[in-house]
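See below for the structure under consideration.
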Amino acid sequence: GGVLDKDSIQKIASLPSIDKVRAKIINAIQFNASQLVRILGAPQTQIVRVFSAYVEKDQQQ
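Just so you know, we're using this note's numbering here: the sequence shown kicks off at 61 and counts up by one.
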């Protein structure tokens, strides 16, 4: 480490608190987990349609 200049100190001061960063991470994990639960809880035909759409998309590329 060295001496920080004014711009570096301002950048550090503008960073969110560790609690805010933790909250953002937890929200992202919970959001993805809830999406997974919805997908797994969907009727199997919907899951097949989603996979079919991905296959068709890959074939078009």
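Where a beta carbon is used, it is the ideal one built from N, C-alpha and C, also for glycine. Source: prediction; values computed, not measured.
* To do: Below 8 Å on the Cβ atoms is my guess for residue 99 versus residue 107; work out the distance and round it to an integer in Å.
  => About 7 Å separates the two Cβ atoms, so the contact holds.
* C-alpha gap between residue 115 and residue 91, whole angstroms -> Their Cα atoms are separated by approximately 25 Å.
* residue 101, enclosing alpha helix (DSSP H) - first and last residue -> In the DSSP annotation of this structure, the continuous segment of the alpha helix (DSSP H) that includes residue 101 starts and ends at 78-101.
* Where does residue 118 sit, in a helix, a strand or coil, going by DSSP? -> Three-state DSSP puts residue 118 in a helix.
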